[in-house]
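A short worksheet on the structure shown next.
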Amino acid sequence: MSKFRVRPIKPEIAQAIRETMLDEAGHQLVISIATENGYGPCRSCLKQFTAGEQRILFTYRPNPVDHPYDESGPVIIHAEPCEPYQTTETFPPEVENGRIKFPLVFRTYDAQGRMIGGQPQNGEPASAVIETLFQNDQVAVVQVRNGLVGCFVAQIDRAV
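Those letters in the sequence shown? Residues 57 to 216, per my numbering, in order.
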């Protein structure tokens, strides 16, 4: 049994973005069309975009704690509602092995939201990296990020 759970952005956040076309930073959002290189993934369903799909880019702050580690950054979701990622005990295959590959970086945080450290994927399966990171009892959360540009992809919690 997996020792972790994958959490995409909360469905209510994606719904609010789609309904208001405003992010929490107050940016007026627009819909763009994914190109062949617009891989994503959607931060709700955690699937890569295909050419022609409509998407919304917005600012997201995955760490809710008010301190220097609450960094904000760009993320993308499908413009139309999509099924949020459900297989939470398995790392999303389209993130790790999608048609367009990108390096992953795993950042670890303690229960107070302070960063403990980080680790690049280095060719290992993502699930193996995550399991190793959770061997440190201080790690409460792992954030998965795009290793090229640093964008938040998903949060990984310990299984309870």
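Note that CB positions come from ideal geometry on N, CA and C, so glycine has one too.
What residue from V205, S88 and V197 has the CA that sits closest to N119's CA? What you label residue 119 is simply residue 63 of the sequence shown in a count that begins at 1. Ranking the options by Cα distance to N119, first place goes to V197.
Beta-carbon within less than 6 Å of I133's beta-carbon, same chain only, minus the 5 sequence neighbours each way: which residues are those? Position 77 of the sequence shown, counted from the first residue, corresponds to residue 133. Once the five neighbours on either side are set aside, the close Cβ partners of I133 are A70, C98, R99, S100 and I112.
Out of curiosity, what's the CA-to-CA distance linking M77 and T188? Start at 1 with the first residue of the sequence shown, and residue 77 comes out as number 21. Start at 1 with the first residue of the sequence shown, and residue 188 comes out as number 132. The straight-line gap from Cα to Cα measures roughly 39 Å.
Look up T76 in the DSSP assignment and say whether it is helix, strand or coil. On the sequence shown, residue 76 is found 20 positions in, with the first residue counted as 1. It is helical.
For E80, decide whether its Cβ has a neighbour in chain C, counting only Cβ atoms nearer than 8 Å. No chain C is part of this structure, which consists of one protein chain only.
According to DSSP, what are the bridge partners of Q84? In the sequence shown, the residue the question calls residue 84 occupies position 28. The partner list for Q84 (beta bridge, DSSP) reads L78.
Looking only at its chain, what residues have a beta carbon closer than 8 Å to the beta carbon of Y165, apart from the 5 residues adjacent to it on each side? Along the sequence shown, read from residue 1 onward, the residue named residue 165 stands at position 109. Contacts found: N119, Y125, M171, I172, V195, A196, V197, V198 and Q199.
Burial state of A182 (16 or more Cβ within 10 Å): In the sequence shown, counting from the first residue as 1, residue 182 sits at position 126. Buried: at least 16 other Cβ atoms inside 10 Å.
Tell me whether the beta-carbon of F60 lies closer than 8 Å to the beta-carbon of F158. Taking the sequence shown and counting its residues from 1, the one referred to as residue 60 is at position 4. Taking the sequence shown and counting its residues from 1, the one referred to as residue 158 is at position 102. Not a contact, by the Cβ cut-off of 8 Å.
Compute the Euclidean distance between the alpha carbons of S58 and Q211, then round it to the nearest angstrom. Residue numbering aside, residue 58 sits at position 2 when the sequence shown is read from its first letter. Residue numbering aside, residue 211 sits at position 155 when the sequence shown is read from its first letter. When rounded, the distance between both Cα atoms is 15 Å.
Whether L160 touches Q177 by CB criterion (8 Å): On the sequence shown, position 104 is the one that residue 160 refers to. On the sequence shown, position 121 is the one that residue 177 refers to. Yes.
Output needed for C207: all residues of its chain with C-beta closer than 8 Å, excluding positions within five of it in sequence on either side, in chain order. The residue you call residue 207 lines up with position 151 of the sequence shown. Contacts found: G129, P130, V131 and R201.
6 Å CB neighbourhood of K103 in its chain, flanking five on each side removed: Counting from one through the sequence shown, the residue named residue 103 turns up at place 47. Excluding positions up to five away in sequence, the list reads P97 and E150.
Quick check: the Cα distance between V185 and G203, rounded to an integer number of angstroms? Residue mapping note: residue 185 aligns to position 129 of the sequence shown, counting from 1. Residue mapping note: residue 203 aligns to position 147 of the sequence shown, counting from 1. Going by the C-alpha atoms only, they are around 14 Å apart.
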